[in-house]
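Q: Mind having a look at this structure? Questions to follow.
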Amino acid sequence: MKLTPLIAGALSLILICLLGCERDGGELVAISADVPLVEIENWGTVVIADKADKWGTDDYVLNAATITGDTLTLNVSYSGGCERHDFTLVAADEFLESEPVQLRVVLAHNANKDACEAYPTEDYHFDLGAIKTLYLQAYPQKAGAIVLRLKGAPDGQIVYQWTK
C-alpha cells in the first residue's frame with residue numbers, strides 16, 4: 039500500500055508529537071531538553087480568608103463559571119500578556135445560613151504590574167477541596183451543597199455539590 043506524500047507527512051507529524059512529549063500531572067512535558075515546557079492548564083490558588091485585597095485587585099472580566107467534580111473553572115479575560123497573571127479564589131471563613139448554605143467567594147487578580155495591552159482570555163481552574171473540608175468540619179454529612187456567591191457568575195452564584 040502506497041501513502042501519498044500528504045498522508046505520510048501528517049502521520050510523521052503525529053508520530054513526532056506522540057514520541058516527543060508525555061503527559062505528567064495534567065501538564066504537557068517535553069522530553070527533549072531544548073524544547074520548553076508547555077503548560078496546558080492554569081491552576082489558581084484557593085484560600086480561606088476574610089479579605090481578598092492581599093491577593094490582587096487588578097481588573098478582569100469573568101466570562102463563564104462551571105463546576106465539574108471538585109474543580110471550579112472560570113473563563114476570564116484581562117489586559118496584559120507580558121507578565122504572569124495570578125488568580126486566587128478567596129473564600130470567606132464563615133457560611134451564610136440558608137438551605138443550601140452560601141459562601142462568599144471573590145476572584146482576586148494580580149497582574150504583576152503587566153503594562154502590555156493584549157487582551158487574553160483563558161480558563162483558570164480551582165480545586166474546591168479546601169472549601170469542601172471547611173463545609174465538612176461545620177456540617178459532617180455524606181453529601182453537601184454550597185451556593186458560591188461569586189460576582190460575575192451566572193445570577194451572581196454557582197452551586198457546588200457532591201456526594202461522599
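In short: position in the sequence shown from 1, add 38, done, that's the working numbering.
Every residue gets a Cβ at the ideal spot worked out from N, C-alpha and C, and that includes glycine.
Since this is a predicted model, take the numbers as computed values, not measurements.
1. May I ask you to list the residues that DSSP assigns as paired with Asn-150?
2. Can you tell which of Lys-202, Val-139, Leu-186 and Asp-193 has its C-alpha closest to the C-alpha of Ile-105?
3. With the cut-off set at 8 angstroms, would you say Ala-114 and Asn-101 are in Cβ contact?
4. Give the secondary structure of Ala-168 by DSSP, where H, G and I count as helix, E and B as strand, and everything else as coil.
5. Which partner residues of Asp-161 appear in the DSSP bridge assignment?
6. Since I believe His-123 is in contact with Asp-152 (beta carbons under 8 angstroms), could you give me their beta-carbon distance rounded to a whole number of angstroms?
7. Which word fits Leu-188, buried or exposed, when buried means at least 16 other C-beta atoms lie within 10 angstroms of its C-beta?
A: Put simply:
1. Along the sequence shown, read from residue 1 onward, the residue named residue 150 stands at position 112. According to DSSP, which records beta bridges pairwise, Asn-150 is partnered with nothing at all.
2. Looking up residue 105 in the sequence shown gives position 67. Nearest of Lys-202, Val-139, Leu-186 and Asp-193 to Ile-105, Cα basis: Leu-186.
3. On the sequence shown, position 76 is the one that residue 114 refers to. On the sequence shown, position 63 is the one that residue 101 refers to. Per the sequence shown, the amino acid found at residue 114 is Val instead of Ala. Result yes, Cβ atoms of Val-114 and Asn-101 sit closer than 8 angstroms.
4. Translated into positions along the sequence shown, residue 168 becomes position 130. Three-state result, Ala-168: helix.
5. As a working mapping, residue 161 is identified with position 123 in the sequence shown. DSSP output for Asp-161 lists Asn-113 as bridge partner(s).
6. Residue mapping note: residue 152 aligns to position 114 of the sequence shown, counting from 1. Residue mapping note: residue 123 aligns to position 85 of the sequence shown, counting from 1. Between His-123 and Asp-152 the Cβ distance is about 7 angstroms, and since that is below 8 angstroms, they are a contact.
7. Against the sequence shown, residue 188 aligns to sequence position 150. It counts as buried.
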